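Numbered per this note's numbering, the sequence shown spans residues 263 to 436. Beta carbons are placed, not taken as given, at the ideal position from N, Cα and C, and that holds for glycine. None of these values were measured; they are calculated from a predicted model. Accompanying notes for the structure given below.
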Amino acid sequence: MTTLNIVVVTAGSARHSASALLAEKLQQSVKDALPAGTSTKYSTHHLGQYTHDIADYLEGDAPGTLVALFEQLRAADAIITVTPIFKASYSGLFKLFWDLVEPDDIKGKPLLMAATGGSHRHMLALDYALRPLFSYLGADTCATGVYTTPGTLDEARTLDRIRRAAGELAQKIS
Numbered sequence: 263m264t265t266l267n268i269v270v271v272t273a274g275s276a277r278h279s280a281s282a283l284l285a286e287k288l289q290q291s292v293k294d295a296l297p298a299g300t301s302t303k304y305s306t307h308h309l310g311q312y313t314h315d316i317a318d319y320l321e322g323d324a325p326g327t328l329v330a331l332f333e334q335l336r337a338a339d340a341i342i343t344v345t346p347i348f349k350a351s352y353s354g355l356f357k358l359f360w361d362l363v364e365p366d367d368i369k370g371k372p373l374l375m376a377a378t379g380g381s382h383r384h385m386l387a388l389d390y391a392l393r394p395l396f397s398y399l400g401a402d403t404c405a406t407g408v409y410t411t412p413g414t415l416d417e418a419r420t421l422d423r424i425r426r427a428a429g430e431l432a433q434k435i436s
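Structure representation (structure tokens):
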């Protein structure tokens, strides 16, 4: 049996941020949406743990942990990525990280994108900020993105959207 490798990249400010919590829900929903018996391996990376590595990489150094993450992205069957939205766009750390990824690294890879923010005023950031970024990188983005605020993470409407997006990703990789 082949194991599906799914890489999860979050850019929340803490390991237990709203973005990390949303990533966990997406991960579980993808697992639930895959056909019974599908073997999956999830590798979750919180970009806050890579801040120094990213800075070193920008200075010409290639830290092993960051290089290993790039290798995981290249080998992934799918990617789930979540960012907080600040001032109507993705976080700076999120942008710095994805700027270091070469387009061929994720070209054609199924990708589920999601974001969290303080209010619903930022929900269009998925379509005017994230979607163009991943289009440039050549990812095969799911039609449905997920945006939530901390107060709506467990609402039925949000959970339905999570299931729909997860189902789209599962369909792309199964």
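Practice item. Would you identify the three-state DSSP class for residue 412, choosing helix, strand or coil? Key: helix
Check your understanding: Any idea what DSSP makes of residue 340, helix, strand or coil?
Key -> strand
Point to revise | Residue interval of the alpha helix (DSSP H) (run including residue 398) | key: 393 to 398
Practice item. Enumerate in chain order the residues of its own chain whose CB-to-CB distance from residue 272 is below 6 Å, with the five nearest sequence positions on each side excluded. Key: 281, 282, 285, 308 and 344
Practice item. Take every Cβ of the segment 329 to 336, pair it with every Cβ of the segment 285 to 301, and state whether three or more of those distances are shorter than 8 Å. Key: no
Review point. For residue 313, does the three-state DSSP call read helix, strand or coil?
Key: helix
Point to revise | Reduced DSSP category for residue 292 - H, G, I as helix; E, B as strand; rest coil | key: helix
**Study point:** DSSP-derived helix/strand/coil call for residue 382
**Key:** helix
Exercise for review: Find the nearest neighbour of residue 348 within the set 391, 325, 403 and 306, judged by alpha-carbon distance.
Suggested key: 391
Exercise for review: Could you check which residue in 395, 351 and 389 has the C-alpha nearest to that of residue 363?
Suggested key: 395
**Study point:** Buried versus exposed, by CB contacts within 10 Å (16 or more), residue 269
**Key:** buried
Review point. Taking the continuous alpha helix (DSSP H) assigned at residue 357, which residues delimit it?
Key: 354 to 362
Practice item. Using a threshold of 7 Å, state whether the C-beta atoms of residue 370 and residue 339 are closer than that. Key: no
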